[in-house]
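Peer 1: This is the structure, below, for whatever I ask next.
2 protein chains.
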Amino acid sequence: MPILSWSRSYTRHEAGQDGLAALIVTIMLIPQSLAYAMLAGMPPEAGLYASILPIIAYAVFGSSRVLAVGPVAVVSLMTAAALGSVAEAGTADYATAALTLAALSGAMLFVMGLLRMGFIANFLSHPVIAGFITASGILIAMGQVGPLVGVKVSGASMPELLHSFWQDRAAFSGQTLLIGALCVAFLFWVRRWMKPSLRALGVGPVLADILTKAGPVMAVSASTLVVWGFGLDVAVVGAVPAALPPLTSPSFDLALIKDLAMPAFLISVVGFVESVSVAQTLAARKRQRIRPDQELIGLGAANLAAGFSGGFPVTGGFARSVVNADAGAATPAAGIYTALGLAIAALALTPLLYFLPKATLAATIIVAVLGLVDLSILKKTWGYARADFVAVAGTILVTLALGVEAGISTGVILSIGLHLWRSSRPHVAEVGLVAGTQHFRNILRYEVITDPAVLSLRIDESLYFANTRYLEDLILARTAEDAALRHVILMCSAVNEIDMTALETLEALMMHLKDRGIALHLSEVKGPVMDRLQRSSFLGHLTGRVFLSQHEAFASLTNHA
Amino acid sequence: MPILSWSRSYTRHEAGQDGLAALIVTIMLIPQSLAYAMLAGMPPEAGLYASILPIIAYAVFGSSRVLAVGPVAVVSLMTAAALGSVAEAGTADYATAALTLAALSGAMLFVMGLLRMGFIANFLSHPVIAGFITASGILIAMGQVGPLVGVKVSGASMPELLHSFWQDRAAFSGQTLLIGALCVAFLFWVRRWMKPSLRALGVGPVLADILTKAGPVMAVSASTLVVWGFGLDVAVVGAVPAALPPLTSPSFDLALIKDLAMPAFLISVVGFVESVSVAQTLAARKRQRIRPDQELIGLGAANLAAGFSGGFPVTGGFARSVVNADAGAATPAAGIYTALGLAIAALALTPLLYFLPKATLAATIIVAVLGLVDLSILKKTWGYARADFVAVAGTILVTLALGVEAGISTGVILSIGLHLWRSSRPHVAEVGLVAGTQHFRNILRYEVITDPAVLSLRIDESLYFANTRYLEDLILARTAEDAALRHVILMCSAVNEIDMTALETLEALMMHLKDRGIALHLSEVKGPVMDRLQRSSFLGHLTGRVFLSQHEAFASLTNHA
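So the sequences go chain by chain: A and B. For the first sequence, position 188 matches number 187 in numbering that gives the first Met the number 0, and the numbering has no gaps at all. For the second sequence, position 484 matches number 483 in numbering that gives the first Met the number 0, and the numbering has no gaps at all.
As structure tokens, this is what we get:
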């Protein structure tokens with residue numbers, strides 16, 4: 000367990016650093032936790048609970064020194080989408096489903112960690128993740144426009160959100176909008192201008208930084224005071240119990256578990272990918288490394304903790320982890336102190352939240368997620384590779400149109416499908432000798448030496464079931480009307496595998512060529528591929544030979560050297 | 000349309016050949032059609048109907064000259080499994096669902112043909128198909144043991160079949176078993192010994208051949224006569240209407256179509272793969288070629304015809320096509336004559352089927368499908384490639400345990416998954432110069448020249464999202480403690496693609512290496528990959544160079560030549 004490595008040599012200096020970082024992160028996390036709970040359809044205290052025990056569990060099991068776990072925007076949106084299909088927000092069933100989702104996701108992550116299955120995350124390509132986060136940001140912002148103006152909005156996709164907004168448009172409240180708009184403006188100002196302004200006023204850099212991080216807390220306090228003082232008629236958070244996280248139990252109802260299994264898996268993978276990339280970025284800065292499989296265990300423990308302490312799915316958040324690292328967190332103890340700070344808040348501050356307007360929370364969410372929206376990935380992929388563009392565009396469109404689960408699944412299926420499609424129609428180059436070298440290149444791109452009796456084909460792909468028929472057709476077509484041809488050399492420098500289907504196809508191809516008096520040779524067959532061919536009967540009745548290099552093959556079959 | 004190419008020059012000689020082939024195929028198809036209808040859970044006449052209009056439709060649209068379409072064993076089994084989940088065998092709903100399944104499958108095949116999507120079949124690897132057909136053969140034979148002994152057996156998987164057999168074991172009938180066992184013995188004798196026996200008796204080769212093909216017809220006639228003559232108490236086919244194929248309509252009920260869509264797709268793909276491999280084998284014998292996309296259209300038309308004329312899903316059958324070809328069929332007109340022969344049978348012979356024992360049909364099925372069972376693929380793949388073995392073993396086990404749809408899906412998912420898994424952990428070889436050549440090979444397998452300041456890595460896979468993290472970790476680990484290292488050359492001869500994710504990872508890797516004073520070079524980058532890199536900003540800040548050949552790279556970075 001990672002905790003054993005740092006706790007033995009824990010110094011007073013580190014404790015001081017960790018304490019300061021924890022203070023700043025706690026101030027930042029209080030409004031964020033409340034807001035993301037609202038986004039997930041949960042009562043506000045659940046956001047605090049989801050940030051207490053999970054942080055401690057991660058500190059014990061996780062491998063990153065600075066990662067701060069808790070409710071984050073994208074995972075909260077996915078949680079709302081998953082729970083919305085099994086229960087009504089605000090009911091006891093909904094809360095139980097949330098616990099179940101967290102525990103399920105935690106168990107999956109934990110088991111994946113034990114089985115060293117971190118590689119699963121590799122099947123989410125960078126562009127797909129970027130597109131998914133962008134589309135999720137748009138969905139979240141759109142969903143929060145409702146509370147910002149007093150209108151009830153629900154749904155897991157753009158059409159549903161717009162439709163519910165239109166249905167409830169009569170509830171529009173000017174007072175709510177006023178508070179919401181002021182908060183949005185203030186928070187944007189805090190983000191861009193507060194620190195330079197404070198510095199210009201002569202405030203020291205550390206204090207200016209802490210005050211800037213406290214911007215959302217100020218918005219929360221000020222708007223609560225205004226609503227309470229002026230008795231405004233806007234939607235408020237209402238009564239929040241003052242208590243430590245309760246001991247709760249997820250449901251063991253098999254039907255519910257079956258319904259939530261797929262969402263839990265998607266939440267696990269997306270949360271893991273987000274978390275690992277944050278942790279890696281921050282570790283690289285300090286030349287540390289994180290262990291992805293240990294991260295799975297850490298996140299698994301955190302989600303299990305959330306499932307047993309009144310929370311909902313959590314993962315490592317980018318902003319809070321950066322703040323934690325920047326504030327000087329030296330060890331995971333900073334997380335434990337943060338948890339203590341939030342526990343005090345859950346006990347002492349919750350009664351003060353009664354008059355907190357929901358519009359303020361919506362404003363903090365909107366300002367946070369608009370930073371996630373970045374459509375430049377579309378332009379970048381369009382210029383570089385169309386397959387990546389199709390995957391990212393598909394992910395964004397499907398996420399907006401049908402919701403997060405369909406969106407991320409589409410992204411994965413599209414990227415795998417496009418990869419298979421390309422490898423099923425591989426590039427095959429007819430190659431010739433570059434004069435004065437032993438190097439062979441494409442006859443269409445280079446001035447090369449060839450021989451009419453010898454056809455050298457470089458196959459730019461492994462030979463496997465998906466592409467063997469295509470290659471067979473291509474080679475038969477190329478050799479069909481070539482009367483001078485006596486030898487075909489397949490240059491296998493890019494062939495990393497020949498599976499059973501390909502082997503059978505090669506045998507058939509060899510027989511076809513033999514009928515026409517053409518011998519089939521192989522060159523530059525790699526070690527692992529050759530090992531396997533030697534275990535089959537193929538080499539025994541090969542009509543040609545296997546050459547170490549293409550140059551050797553060309554030299555011995557022609558008069559060119 | 001292929002029919003236009005051969006019908007213009009149709010000769011009397013060809014007509015004679017086609018007529019003889021049609022006669023032999025008709026004799027063979029009558030019992031087969033009845034039997035496969037029983038296997039699909041349909042009334043016997045549906046088997047005849049499924050062989051009349053579909054044959055004509057295929058003759059018009061298909062590209063093979065000898066392929067004989069109609070009900071076949073594996074597709075009939077898949078049909079029974081699909082229909083069993085939406086209706087009770089023997090009901091009107093069941094028949095309507097069968098029509099709908101055929102029409103749906105026909106429409107899918109037709110559209111796939113128009114869109115040139117024949118490549119979809121490539122994702123069924125040879126071992127998966129072999130395993131699936133073997134497992135299907137076992138399931139079919141097991142299912143027919145029921146009618147062979149008078150016991151009612153139903154179910155789509157081995158456990159279900161065994162369970163239902165056990166439930167109805169009291170219905171066991173000695174008389175039925177006697178007829179069934181005699182038929183099985185007779186049909187095996189016909190298969191192995193009849194032809195040589197007839198030849199030994201001085202019968203001419205053509206007649207001996209026709210008589211052998213008539214074996215099942217003899218079994219049908221003899222057992223019908225015995226049951227009628229002795230008044231045996233065994234399950235018989237009963238009243239069969241004497242009529243031409245009726246004009247029927249599939250259902251347009253969306254709920255039914257939704258339920259049948261996935262089975263229809265699987266039936267289409269499996270039927271297409273079976274059919275195309277039969278057609279290709281037979282075309283290759285005569286140096287003809289078939290066009291897979293035209294085959295899709297031909298099979299699509301045949302299944303649409305089945306859906307509108309009282310049939311059920313059909314495809315090209317192996318045995319009947321071989322018989323058709325061997326009997327000298329010269330053009331698809333042979334199919335049209337066969338259809339006429341079967342239409343006459345449907346009109347004139349059906350009243351004679353009343354006393355035909357179901358045990359006889361079960362016997363013809365069992366003898367036919369036992370030829371499909373071939374477990375040697377397990378041994379072959381075990382010796383050659385474990386991934387293929389896992390795919391074939393998984394396909395067989397899941398087909399037997401859970402049924403055909405789960406089985407074929409497992410096969411496809413396993414083979415794609417294993418392919419992705421391997422390409423996500425690619426082979427990377429550290430290479431050196433083979434003395435006296437310009438050729439570079441693995442330092443672990445060959446005596447090669449290397450340089451401590453230069454690390455040459457040959458990456459045996461395309462760089463794409465699924466393997467970039469693995470490669471990054473591997474290269475960072477390899478270079479971590481090597482103080483003498485100044486240059487890393489990635490030899491890209493086997494890199495057929497670098498996607499966006501890989502490009503971003505390469506940039507990150509380059510920065511890591513730069514921090515340690517190591518330059519990153521590329522060699523042997525292929526044309527298409529280089530084109531793409533030139534469209535990005537990567538080459539602009541590459542810390543090393545791009546070399547045409549690995550030899551050039553090694554020569555310019557070291558003193559070795």
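Built from N, CA and C at the ideal position, the CB exists for glycine as well. As the structure is a computational prediction, the values presented were derived from the model and not from experiment.
Here's a check: name, in chain order, each residue in its chain whose Cβ is nearer than 6 Å to the Cβ of B:Met509, leaving out the five neighbours to either side.
Peer 2: Working through the second sequence from its first residue, we reach residue 509 of chain B at position 510. If we look at B:Met509 and ignore the five residues flanking it on each side, its Cβ neighbours are Leu519, Thr542.
Peer 1: Could you check whether A:Ala483 and A:Ala452 sit closer than 8 Å to each other, using their CB atoms as the reference points?
Peer 2: Start at 1 with the first residue of the first sequence, and residue 452 of chain A comes out as number 453. Start at 1 with the first residue of the first sequence, and residue 483 of chain A comes out as number 484. Result yes, Cβ atoms of A:Ala452 and A:Ala483 sit closer than 8 Å.
Peer 1: Hey, which unbroken runs of the alpha helix (DSSP H) at 4 residues or more fall wholly within the region 492-527 of chain B?
Peer 2: Within the region 492-527 of chain B, the complete alpha helix (DSSP H) runs of at least 4 residues are 499-514.
Peer 1: Pull out every residue of the region 505-530 of chain B whose Cβ sits closer than 7 Å to any Cβ of chain A, in chain order.
Peer 2: Of all residues in the region 505-530 of chain B, Lys525, Gly526, Pro527 have a Cβ within less than 7 Å of some Cβ in chain A.
Peer 1: Whole angstroms are fine: how far does the CA of B:Phe388 sit from the CA of B:Arg544?
Peer 2: Counting from 1 along the second sequence, the entry for residue 544 of chain B is found at position 545. Counting from 1 along the second sequence, the entry for residue 388 of chain B is found at position 389. So the two alpha carbons sit approximately 43 Å from each other.
Peer 1: Would B:Arg191 count as contacting chain A if we go by Cβ distances under 8 Å?
Peer 2: Here residue 191 of chain B is taken as the residue at index 192 of the second sequence, counted from 1. Answer no: the Cβ-Cβ gap between B:Arg191 and chain A never drops below 8 Å.
Peer 1: Taking 8 Å as the threshold (beta carbon to beta carbon), is B:Tyr336 in contact with chain E?
Peer 2: Here chain E cannot be found, since the structure's protein chains are A and B.
Peer 1: For the alpha helix (DSSP H) that B:Met111 lies in, which residues bound it at each end?
Peer 2: What you label residue 111 of chain B is simply residue 112 of the second sequence in a count that begins at 1. Looking at the DSSP string, the run of the alpha helix (DSSP H) that includes B:Met111 is 91-113.
Peer 1: Distance check for B:Leu303 and A:Val494, CA to CA, integer angstroms please.
Peer 2: Residue 494 of chain A sits at position 495 when you count from the first residue of the first sequence. Residue 303 of chain B sits at position 304 when you count from the first residue of the second sequence. One C-alpha to the other measures close to 42 Å.
Peer 1: Return the chain-ordered list of same chain residues with a C-beta closer than 7 Å to the C-beta of B:Arg115, the five sequence neighbours on each side being excluded.
Peer 2: As a working note, residue 115 of chain B is residue 116 in the second sequence. Answer for B:Arg115: Asp292, listed in chain order.
Peer 1: Using the Cβ count rule (16 or more neighbours within 10 Å means buried), how would you classify A:Val74?
Peer 2: Walking along the first sequence from the start, residue 74 of chain A turns up at place 75. Flag for A:Val74 reads buried.
Peer 1: Classify B:Ser63 as helix, strand or coil using the three-state DSSP reduction.
Peer 2: As a position in the second sequence, residue 63 of chain B is number 64, starting the count at 1. Note: B:Ser63 maps to coil in three-state DSSP.
Peer 1: Can you confirm whether the region 149-168 of chain A touches the region 197-208 of chain A when touching is taken to mean that 3 or more C-beta pairs between the two stretches lie within less than 8 Å?
Peer 2: No: fewer than three Cβ pairs fall under 8 Å.
Peer 1: Helix, strand or coil: how does DSSP classify A:Phe122 here?
Peer 2: The residue given as residue 122 of chain A occupies position 123 in the first sequence. Here A:Phe122 sits in helix by DSSP.
Peer 1: With a threshold of 8 Å, are at least 3 pairs of Cβ atoms found where one atom belongs to the region 260-278 of chain A and the other to the region 74-90 of chain A?
Peer 2: These segments touch.
Peer 1: Output the distance between the C-alpha atoms of A:Gln287 and A:Ile335, rounded to the nearest integer angstrom.
Peer 2: Walking along the first sequence from the start, residue 287 of chain A turns up at place 288. Walking along the first sequence from the start, residue 335 of chain A turns up at place 336. The straight-line gap from Cα to Cα measures roughly 21 Å.
Peer 1: List, in order along the chain, the chain A residues whose C-beta lies closer than 7 Å to that of B:Arg563?
Peer 2: Here chain B covers residues 0 to 560 and nothing more, so residue 563 of chain B does not appear.
Peer 1: Do the CB positions of B:Ala329 and B:Gln16 come within less than 8 Å of each other?
Peer 2: Along the second sequence, one-based indexing puts residue 329 of chain B at 330. Along the second sequence, one-based indexing puts residue 16 of chain B at 17. A contact, by the Cβ cut-off of 8 Å.
Peer 1: Can you look up B:Asn302 in the DSSP assignment and give me helix, strand or coil?
Peer 2: Translated into positions along the second sequence, residue 302 of chain B becomes position 303. Three-state result, B:Asn302: helix.
Peer 1: Answer with buried or exposed for B:Asn568, where buried requires no fewer than 16 other C-beta atoms within 10 angstroms of its C-beta.
Peer 2: Chain B is shown from 0 up to 560; residue 568 of chain B falls before or after that span and cannot be answered.
Peer 1: What do you reckon, are the CB atoms on A:Phe271 and A:Ala120 nearer than 8 Å?
Peer 2: As a first step, residue 271 of chain A must be located in the first sequence, where it is residue number 272. As a first step, residue 120 of chain A must be located in the first sequence, where it is residue number 121. It is a contact, given that the beta carbons lie within the stated cut-off.
Peer 1: What residue does the beta strand (DSSP E) around B:Ser455 start on, and which one ends it?
Peer 2: Looking up residue 455 of chain B in the second sequence gives position 456. Unbroken beta strand (DSSP E) run through B:Ser455: 453-458.
Peer 1: Since A:Gly310 and A:Ala101 are thought to touch, with beta carbons under 8 Å apart, how far apart are those beta carbons, to the nearest angstrom?
Peer 2: By one-based count along the first sequence, residue 310 of chain A stands at place 311. By one-based count along the first sequence, residue 101 of chain A stands at place 102. A:Gly310 to A:Ala101, Cβ: 6 Å. Contact.
Peer 1: Quick one: Cα of B:Ala190 to Cα of B:Thr211, how far?
Peer 2: The residue you call residue 190 of chain B lines up with position 191 of the second sequence. The residue you call residue 211 of chain B lines up with position 212 of the second sequence. The sequence shown places Arg at residue 190 of chain B, rather than the Ala named in the question. Looking at the two C-alpha atoms, the distance is approximately 8 Å.
Peer 1: Do you know how far the Cα of A:Pro262 is from the Cα of A:Glu404?
Peer 2: Residue 404 of chain A sits at position 405 when you count from the first residue of the first sequence. Residue 262 of chain A sits at position 263 when you count from the first residue of the first sequence. C-alpha separation (whole angstroms): 7 Å.
Peer 1: Are the region 30-44 of chain A and the region 352-365 of chain A in contact at 8 Å, needing three or more beta carbon pairs?
Peer 2: Counting Cβ pairs under 8 Å, three or more are found: they touch.
Peer 1: Around the Cβ of B:Asp459, are there at least 16 other Cβ atoms within 10 angstroms (buried) or fewer (exposed)?
Peer 2: Here the question's residue 459 of chain B lines up with position 460 in the second sequence. Buried: at least 16 other Cβ atoms inside 10 Å.
Peer 1: Determine whether the Cβ of B:Gln287 lies closer than 8 Å to any Cβ atom of chain A.
Peer 2: Position 288 of the second sequence, counting from 1, holds the residue named residue 287 of chain B. With 8 Å as the cut-off, B:Gln287 does not count as an interface residue toward chain A.
Peer 1: Leaving out five residues before and five after B:Thr409 in sequence, what residues of the same chain have Cβ atoms less than 7 Å from its Cβ?
Peer 2: In the second sequence, residue 409 of chain B corresponds to position 410, counting from 1. Cβ neighbours of B:Thr409 beyond the five flanking positions: Gly393, Thr394, Val397.
Peer 1: Quick one: what does DSSP say A:Thr449 is sitting in, helix, strand or coil?
Peer 2: Within the first sequence, the letter at position 450 stands for residue 449 of chain A. DSSP places A:Thr449 in coil when its eight states are reduced to three.
Peer 1: Check whether the region 254-261 of chain A touches the region 83-97 of chain A, counting contact only when three or more Cβ pairs, one atom from each stretch, lie closer than 8 Å.
Peer 2: A contact exists between the region 254-261 of chain A and the region 83-97 of chain A.
Peer 1: Return the chain-ordered ranges of every alpha helix (DSSP H) run that is complete within the region 397-449 of chain B and spans a minimum of 4 residues.
Peer 2: Those alpha helix (DSSP H) runs which fall completely within the region 397-449 of chain B and span 4+ residues are 403-423.
Peer 1: Return the first residue and the last residue of the beta strand (DSSP E) that B:Val487 is part of.
Peer 2: Position 488 of the second sequence holds residue 487 of chain B. Where B:Val487 is concerned, the enclosing beta strand (DSSP E) stretches over 486-490.
Peer 1: Beta-carbon within less than 6 Å of A:Thr598's beta-carbon, same chain only, minus the 5 sequence neighbours each way: which residues are those?
Peer 2: Lying outside 0 to 560, the shown extent of chain A, residue 598 of chain A is not represented and no answer is given.
Peer 1: Is the separation between the beta-carbon of B:Val233 and that of B:Pro356 shorter than 8 Å?
Peer 2: Position 234 of the second sequence, counted from the first residue, corresponds to residue 233 of chain B. Position 357 of the second sequence, counted from the first residue, corresponds to residue 356 of chain B. Yes, they are a contact pair.
Peer 1: Taking its Cβ as the centre, do 16 or more other Cβ atoms sit within 10 Å of A:Lys378, making it buried, or is it exposed?
Peer 2: In the first sequence, residue 378 of chain A corresponds to position 379, counting from 1. Exposed, because fewer than 16 other Cβ atoms sit within 10 Å of the Cβ of A:Lys378.
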